[in-house]
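Novice: Count the sequence shown with our numbering and you get residues 1277 to 1964, in order.
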Amino acid sequence: MMWRILRRLRNPGIYAGVLLTALFVTLAYQSRPSYDIKIGSPTDQPLLSGFNTREVVAGDEPVPFRWTTGAATVTFKEVGRQDFSVMMLINGWRPDDQPPAHLRISSGGVTFFDGAPARESTEYRFVVPRDAVSDGTLILELNTNPFVPTGDPNPRPLGVSVQRVQVAPGPNPDRFIEAPFGILLSLVETSAVFGLFLALTGWGIGVTALGGSVPGLLGGWVVVTDRLWLTSQEWYAVWLQATLLGVLLALSVGTVGRWLMEHGGARWSATHGRALLALVLIAFVVRLSGQMHPQICIIDLNFHLHRFQTVEAGQLLFTINSAEWGGRETFYLPTAYLFMMPLYWIFNDPLFVIRLFTVAIGTLGTVPVYYLASRALRDNRAGVIAASLYLTLPMAVLPYSWGITTNLFGEFFALCSLAIVVGAGRGLRPNRPAFWLLAGTLLLALLSHPGVVQLVLLAFALIAASWLVGRRAWHDRVGAAWAFGAFVIAAGIAYVIYYRHFVGDMLTTLAEIRKERASRTPQPGEGIGVRVGGSVADKSLGLVVRYAQSLSDWFLGGLRGFWQEVQAYYSVWPVAGALVGFWSAKATAARGAVYDDAPKSRLLRSVIGWVLAAALFALVGWVANLYVRYSLFLLPVVALGSGALLSKLWGRGRSGALLVILVVVFFAFQALALWQQRINYSALCVFE
């Protein structure tokens, strides 16, 4: 065993990946981009030190700016050692009762301006020579004699106001630019970890070299397209930390996850298993690195921080103000935060723990998705394709900028419950581990997030009902009855330990909301007072929420809203592809033996209940303005059905396989582009 591991670690692909990463990064630094920084824009903060808060000059086109303090810097981190042409738009105006401004602009020990700046916005241009950028980082220093405004309710030192900084390549454009040592070392180390992992899990020289070069490809691409996005506050250093944690997660899937799947009746294929582990690693690294970007604003992060601190203090029963409940208080469950505690004891950083837990629990959903395909569809290839779609469809990317940690927590355990129900089937008995494992995962799903709880209750009630009706074998009906029994046990325990404390208040609140909505007169501009377009308003995604003006407007607007959600969350065709994929699986099941096709039959019946639950809550949101995240609930079944369809296309020959590869690559690139857009777009929430 040890000899086999050592032999794998001698894989030349490890070293080839490292060399390719170094080459890609070095070549990328030969590009010479320009930088145009609007001071006071949403994304300037990582570049600035010694500046005051953002202000705006009023007018037809508002102009943002920031006042410096006595000593301020604008840092272009690791942009490469070269000559730079710099323009700074500065206004040296001060009130008449204050001493005139004196400004000194310098960089790398060289002074470019030293005197009184103009009292209006003026461009200051100069060339910073390569020798003043010795370590590849350009630092523009602004030193002034600060003043404190008379009568300022928030006393602060003010120097000069800066509106814009532009940096362009200077003279000697043909000089070779060394890649800064810090970024080169970090990306090479990340590449080595990637290569070691791929070699350890059994990949050959080519795949190991290609996979090991991924950090260099991504890093080089960002160096060329948006260098400061990578280097500001040394974001690239996070990549290595995320990769090491991702390797631990992927190896856990390869040991514990594999053991669970094999004991659940699935077959762990060596090739497809390696592919699944690689997907887990790459997705985890990309997601966690993005969540650690200095520019990102995760919308619900501070909300979860406050809930985490409440649970850490020992308070497990608490309420929050909910917009869905008309601003009234509603229960909010502590379970996810209890699961975070071991990570907190290790890292002692609650914000990092919340980010890490969110990414880990969301990425682990690939395991039950792969298991369902392997166990029920008997198609490991479909499992890998479905797992890739589960990680790359737009709906799989958005939760990490929203920060909906407890939703992901609940969805994961609901999906695990579905996998157990489908995989165990007639083996669900109180004397079998699967029965109690199902009761446990259902209990966690029912103690996760209020919206997920509602979806799970309805979905598993419908699943149990679908199993008990129709011409099914006696064994299947008994298994369904015991599955329903596990559901009842989980619901009963959840009620006793948690919901009994809130159910009376919630029923009273619900009655008040119904009474208020029945008697409420719509405000001007609200039409009939019913919102259409879904629960999320985000113009960058094409999601627009508005009030319907009439019943016909409500009907058409609701249909338009559903269509916009299908476009934004699933790019349309995977939803239709999932329907075709499951229909094809059903046709195959009808031709097979009853016993062999039992897991497949259970999956198809369960999917119907799962989808019906999401559809019913979509209708509830449309009619009653009470939205839960039904689109996220649909993600695993959309990925699974589409994966089944694409796997069948793959089996039709080389052209089909090529088409599937192109589809998977398309969604991978779309996911990367969307994730970068969400990181940039999320920074705007600072000013909302």
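We put the CB at the ideal spot given by N, CA and C, even for glycine.
Answer yes or no: do Ser1383 and Glu1417 have a C-beta to C-beta separation smaller than 9 Å?
Specialist: By 1-based counting over the sequence shown, the position of residue 1383 is 107. By 1-based counting over the sequence shown, the position of residue 1417 is 141. In contact: Ser1383 and Glu1417 (Cβ atoms closer than 9 Å).
Novice: For Thr1329, which three-state DSSP category applies?
Specialist: As a working mapping, residue 1329 is identified with position 53 in the sequence shown. In the structure shown, Thr1329 sits in a strand (DSSP, three-state: E or B).
Novice: In terms of residue numbering, what span does the beta strand (DSSP E) encompassing Gln1517 cover?
Specialist: Within the sequence shown, the letter at position 241 stands for residue 1517. Segment Tyr1512 to Ser1528 is the alpha helix (DSSP H) holding Gln1517; no beta strand (DSSP E) there.
Novice: Rounded to the nearest angstrom, what separates Phe1579 and Ala1891 at their Cα positions?
Specialist: The residue given as residue 1579 occupies position 303 in the sequence shown. The residue given as residue 1891 occupies position 615 in the sequence shown. The straight-line gap from Cα to Cα measures roughly 29 Å.
Novice: Relative to the alpha-carbon of Gly1385, which residue among Pro1405, Arg1395 and Ser1397 has its alpha-carbon at the smallest distance?
Specialist: As a working note, residue 1385 is residue 109 in the sequence shown. Closest by alpha carbon: Pro1405.
Novice: Taking only the alpha-carbon atoms, compute the straight-line gap between Ala1900 and Gly1834 and give it to the nearest angstrom.
Specialist: Translated into positions along the sequence shown, residue 1900 becomes position 624. Translated into positions along the sequence shown, residue 1834 becomes position 558. Roughly 12 Å between the two C-alpha positions.
Novice: Starting from Leu1967, trace the alpha helix (DSSP H) both ways and give me its first and last residue.
Specialist: Absent from the model: residue 1967. The displayed extent of the chain is 1277 to 1964, so no value can be given.
Novice: Three or more C-beta pairs under 8 Å: does that hold for the region 1526 to 1546 against the region 1330 to 1344?
Specialist: Too few Cβ pairs lie closer than 8 Å, so no.
Novice: Taking only the alpha-carbon atoms, compute the straight-line gap between Val1441 and Pro1393 and give it to the nearest angstrom.
Specialist: Translated into the one-based positions of the sequence shown, residue 1441 becomes position 165. Translated into the one-based positions of the sequence shown, residue 1393 becomes position 117. The straight-line gap from Cα to Cα measures roughly 16 Å.
Novice: Start and end of the beta strand (DSSP E) containing Thr1876?
Specialist: Counting from one through the sequence shown, the residue named residue 1876 turns up at place 600. First, the residue type needs correcting, since residue 1876 is Lys and not Thr in the sequence shown. Per DSSP, Lys1876 belongs to no beta strand (DSSP E); it is in the alpha helix (DSSP H), Ala1874 to Ala1900.
Novice: For Phe1623, which of helix, strand or coil comes out of DSSP?
Specialist: Reading the sequence shown from its first residue, position 347 is the one you call residue 1623. Residue state, collapsed to three classes: helix.
Novice: Can you give the beta carbon distance from Leu1653 to Ala1920, rounded, assuming they're within the 8 Å contact cut?
Specialist: Translated into the one-based positions of the sequence shown, residue 1653 becomes position 377. Translated into the one-based positions of the sequence shown, residue 1920 becomes position 644. 6 Å between Cβ atoms; contact.
Novice: In whole angstroms, what separates the C-alpha of Ser1361 from that of Thr1302?
Specialist: Looking up residue 1361 in the sequence shown gives position 85. Looking up residue 1302 in the sequence shown gives position 26. Approximately 22 Å between the Cα atoms of the pair.
Novice: Using DSSP with H/G/I as helix, E/B as strand and the rest coil, what is Ala1866?
Specialist: Mapped onto the sequence shown, residue 1866 falls at position 590. Confidence is the limiting factor: at Ala1866 the pLDDT is only 47, short of 50, which leaves the residue's position unreliable, though a coordinate-based value still follows. Reduced to three states, the DSSP call for Ala1866 is helix.
Novice: Do you know offhand how far Leu1950's Cα is from Leu1557's?
Specialist: Taking the sequence shown and counting its residues from 1, one reaches residue 1950 at position 674. Taking the sequence shown and counting its residues from 1, one reaches residue 1557 at position 281. For Leu1950 and Leu1557, the distance between alpha carbons rounds to 19 Å.
Novice: Can you tell which of Arg1451, Glu1331 and Phe1327 has its C-alpha closest to the C-alpha of Asp1359?
Specialist: Numbered from 1 along the sequence shown, position 83 holds the residue referred to as residue 1359. When each option's Cα is compared against that of Asp1359, the closest is Arg1451.
Novice: In this structure, does DSSP put Thr1349 in helix, strand or coil?
Specialist: Residue mapping note: residue 1349 aligns to position 73 of the sequence shown, counting from 1. The answer is strand: DSSP assigns Thr1349 an E or B state.
Novice: So who's on the other strand from Ile1381, going by DSSP bridges?
Specialist: Within the sequence shown, residue 1381 is the residue found at index 105, counting from 1. DSSP lists Phe1389 and Leu1418 as partners of Ile1381.
Novice: Would you identify the three-state DSSP class for Pro1429, choosing helix, strand or coil?
Specialist: The sequence position of residue 1429 within the sequence shown is 153, counting from 1. Coil at Pro1429, not helix or strand.
Novice: Pull up the CB-CB distance for Ala1740 and Phe1763, whole angstroms please, since I reckon it's below 8 Å.
Specialist: The count along the sequence shown starts at 1 and reaches residue 1740 at position 464. The count along the sequence shown starts at 1 and reaches residue 1763 at position 487. With 8 Å as the limit, Ala1740 and Phe1763 qualify as a contact, their Cβ atoms being about 7 Å apart.
Novice: Tell me, please, which residues DSSP counts as bridged to Val1438.
Specialist: Stepping through the sequence shown from its first residue, residue 1438 is reached at position 162. Per DSSP, Arg1342 and Ile1366.
Novice: Mind checking whether Gly1659 and Pro1875 have CB atoms under 9 Å apart?
Specialist: The residue given as residue 1659 occupies position 383 in the sequence shown. The residue given as residue 1875 occupies position 599 in the sequence shown. No; because the gap between Cβ atoms is not below 9 Å, this pair is not in contact.
Novice: In this structure, does DSSP put Asn1597 in helix, strand or coil?
Specialist: Within the sequence shown, residue 1597 is the residue found at index 321, counting from 1. Strand.
Novice: Runs of 4 residues minimum, wholly inside the region 1559 to 1594: which ones carry the alpha helix (DSSP H) assignment?
Specialist: Runs of the alpha helix (DSSP H) inside the region 1559 to 1594: 1577 to 1588.
Novice: Taking the DSSP output, what are the residues bridged to Leu1819?
Specialist: For the purposes of this step, residue 1819 is taken as the residue at position 543 of the sequence shown. Looking at the DSSP assignment, Leu1819 forms a beta bridge with Asp1814.
Novice: How do the region 1562 to 1569 and the region 1510 to 1518 stand: do at least 3 beta-carbon pairs fall below 8 Å, yes or no?
Specialist: These segments touch.
Novice: Report yes if the C-beta distance between Trp1511 and His1569 is below 9 Å; otherwise report no.
Specialist: Start at 1 with the first residue of the sequence shown, and residue 1511 comes out as number 235. Start at 1 with the first residue of the sequence shown, and residue 1569 comes out as number 293. Yes.
Novice: What residues in its chain sit with their C-beta under 6 Å from that of Arg1286, if we drop five residues either side in the sequence?
Specialist: Taking the first residue of the sequence shown as 1, we reach residue 1286 at position 10. Once the five neighbours on either side are set aside, Arg1286 has no close Cβ partner at all.
Novice: Mind checking whether Leu1627 and Pro1610 have CB atoms under 9 Å apart?
Specialist: For this step, residue 1627 is matched to residue 351 along the sequence shown. For this step, residue 1610 is matched to residue 334 along the sequence shown. Not a contact, by the Cβ cut-off of 9 Å.
Novice: CB-CB under 6 Å to Arg1401, same chain, minus the five flanking residues each way: which ones, in chain order?
Specialist: Here residue 1401 refers to the residue found at position 125 of the sequence shown. Taken in chain order, the residues that qualify are Met1363.
Novice: Per the contact definition of three or more C-beta pairs closer than 8 Å, is the region 1616 to 1623 in contact with the region 1720 to 1737?
Specialist: Flag = no, the region 1720 to 1737 and the region 1616 to 1623 do not touch.
Novice: In the DSSP output, which residue or residues are listed as bridge partners for Pro1445?
Specialist: Start at 1 with the first residue of the sequence shown, and residue 1445 comes out as number 169. DSSP, once it has assigned bridges, lists Phe1360 as partnering Pro1445.
Novice: Taking Pro1644 as the reference, give the member of Val1350, Leu1667 and Leu1691 with the closest Cα.
Specialist: Residue 1644 sits at position 368 when you count from the first residue of the sequence shown. Among Val1350, Leu1667 and Leu1691, the Cα nearest to that of Pro1644 belongs to Leu1691.
Novice: Trp1926: which of Leu1879, Gly1857, Arg1878 and Val1438 sits nearest, CA to CA?
Specialist: For the purposes of this step, residue 1926 is taken as the residue at position 650 of the sequence shown. Among Leu1879, Gly1857, Arg1878 and Val1438, the Cα nearest to that of Trp1926 belongs to Gly1857.
Novice: With which residues is Arg1401 paired in a DSSP beta bridge?
Specialist: Along the sequence shown, read from residue 1 onward, the residue named residue 1401 stands at position 125. Its beta-bridge partners are Met1363.
Novice: Using a Cβ-Cβ cutoff of less than 7 Å, which residues in the same chain neighbour Gly1326 once the five nearest sequence positions on both sides are dropped?
Specialist: For the purposes of this step, residue 1326 is taken as the residue at position 50 of the sequence shown. Closer than 7 Å at the Cβ level, and outside the excluded window around Gly1326, lie Thr1344, Thr1345, Ala1347, Ala1348 and Thr1349.
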